[in-house]
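Read through the structure below, which is laid out as structure tokens, and then see the notes.
In the numbering used here, the protein residues as written are 3 to 229.
Structure below.
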């Protein structure tokens, strides 16, 4: 009888220690995300730990280098230091939150976007392709390559900027010096759309300059180029 009681007590202590260790580990990962895990304009939120590491107590957490915002990531978990250091790759599920430009209404493919069609919203961008916009002005004049539902975010593969200029077109180059503006004739060296940065060649001096496309016949010179 006494042996059973002692064994039960030992098992209870062991179970409590294990529970405390799990709690410490959970608290450590919660603290890691509470401090703010950010990548390329978005903030991560932990949904689920798919498989916990075989470790006791708190661990140190690190996010791997990411080139996008996947919904599933393997975090790096570490305990100890030097020769006693142990390391695990821990699969987790995430949301990635960011302010993004979204559509106000359903829009068909090939819609030419205007400011009135767009608004801004905080959304989960996990798993979505390409980059996104936070300023709707940067999307004005672009054309949808696919239909979007109301509230959909506009990602870079979903839009195309219509070409206003093609290589060899002649344009008016505007150079600003404070309030003074100087105009000159130039030739476009690459096809481009509204707002694109392109190279243009001064027809008279043959100097190549960097410019922004203003409309179908005008570019605004922004930097000097090579002679």
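All C-beta atoms, glycine included, are put in the ideal place defined by N, C-alpha and C.
Values in this document were obtained by computation on a predicted structure and should not be read as measured data.
Residue j beta carbon less than 9 Å from that of residue i
i           : j           : result
residue 103 : residue 136 : yes
residue 61  : residue 41  : no
residue 113 : residue 141 : no
Neighbourhood of residue i by C-beta, 7 Å cutoff - its chain only, sequence neighbours within 5 removed
i          : result
residue 95 : 49, 50, 52, 73, 74
Local conformation of residue i per DSSP, three classes
i           : result
residue 124 : strand
residue 27  : helix
residue 36  : helix
residue 110 : coil
residue 193 : coil
residue 141 : helix
residue 84  : helix
residue 204 : strand
Chain D contact for residue i (CB, 9 Å cutoff)
i           : result
residue 141 : Among the chains of the structure shown, chain D does not appear; only one protein chain is present.
Close Cβ partners of residue i (< 6 Å) along its chain, the five nearest in sequence each way excluded
i          : result
residue 43 : 100
residue 65 : 39
Sequence-distant residues of the same chain with beta carbon closer than 8 Å to residue i, five excluded per side
i           : result
residue 130 : 71, 155, 157
residue 188 : 172, 173, 174, 175, 202, 203, 204, 205, 211, 213, 221
residue 183 : 176, 177
Cα-Cα separation, residue i to residue j
i           : j           : result
residue 115 : residue 46  : 30 Å
residue 39  : residue 150 : 30 Å
residue 144 : residue 36  : 37 Å
residue 55  : residue 134 : 34 Å
residue 132 : residue 179 : 37 Å
residue 76  : residue 93  : 4 Å
residue 98  : residue 68  : 12 Å
Taking contact to mean at least 3 C-beta pairs separated by less than 8 Å, is the stretch 163-174 in contact with the stretch 186-204?
yes
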